[in-house]
Structure formats: structure tokens, C-alpha cells
Amino acid sequence: MGLGGCILQAEYGIKMRAGLVFFFSTTTPFGIALGLALTKVYRENSPTALVVVGLLNAASAELLHYMALVELLAADFMGPRLQGSVRLQLLSFAAVLLGTGGMSVMSKWA
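Residue numbers 1 to 110, in full-length UniProt numbering, belong to the letters of the sequence shown in order.
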């Protein structure tokens, strides 16, 4: 719903909006159809399947890291409150490193 609202609010022409709406509405059904087609030939423990799953997991993790660090934290770190205090910047950087380190340690058991 959020992406659909953003498409409608964007200042694009009617052709671009129609294209975005088309791809937005067909992505999930296409993924389901592809998944159903691949269940016939998919072997869960084959080396190829393990490599593909690992690469897809890595790509997903990279997207989450990008969103967290660039989109969410950048606004906080570039704000006037943090820019005015070196001590607060150092504490914030330490908190981010401590949080990411803690998540990395927890991911060992996940």
C-alpha cells in the first residue's frame, strides 16, 4: 500500500505511472508462478541450491543494511543536534557499532 501511494503521489506522466503500477501489481503473481514452476526441479540440499540461497540471503541483508544505514540513520546523524556535539557523535557511532556487533553475534545462532 505504501509503494502504491508513493506511485500515485509521484510527479510522473500517465505512461510512467501505468508502467509502475503494472510492474507493482504483477511482481507477486509472477514470483508465485515461478516458485511453483521451480518446485518440480528444486532439490533443497544440492550445491547449486545452497549457493543460490546464500547469494539471495546476502543480497537481502545488503538491502536491509543500506536502508538502515543510509536511509534511516543518515537523517539522524546529519541533524543539527548531532552535528553540534562531537561527544554525542562519538556516542552515537559507538551505539551503532555496538548494535551491529550484537546483531552479528546473535546471527550466529539464528
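Built from N, CA and C at the ideal position, the CB exists for glycine as well.
Item                                                                                                                                   : Value
Taking the alpha helix (DSSP H) that Met106 belongs to, which residues open and close that run?                                        : 86 to 107
Within the continuous alpha helix (DSSP H) that includes Tyr42, where are the two ends?                                                : No alpha helix (DSSP H) holds Tyr42; DSSP gives it neither H nor E.
Rounded to whole angstroms, what is the Cα-Cα separation between Thr27 and Ser85?                                                      : 45 Å
Round the Cβ separation of Arg43 and Ala37 to the nearest angstrom and send it over; I've been treating them as touching at under 8 Å. : About 15 Å separates the two Cβ atoms, so there is no contact after all.
Give a yes or no on whether the C-beta atoms belonging to Leu88 and Leu82 are separated by under 7 Å.                                  : yes
So, under 8 Å CB-CB, Leu8 and Phe24 are touching, yes? Tell me the CB distance rounded to an integer number of Å.                      : Actually they do not touch by this definition, with Cβ atoms about 11 Å apart.
When you compare each of Ala95, Thr100, Asn45 to Tyr66 by their alpha carbons, which one comes out closest?                            : Thr100
In the structure shown, what three-state DSSP assignment does Ala75 receive?                                                           : helix
Considering Met16, what are the terminal residues of the alpha helix (DSSP H) in which it resides?                                     : 14 to 38
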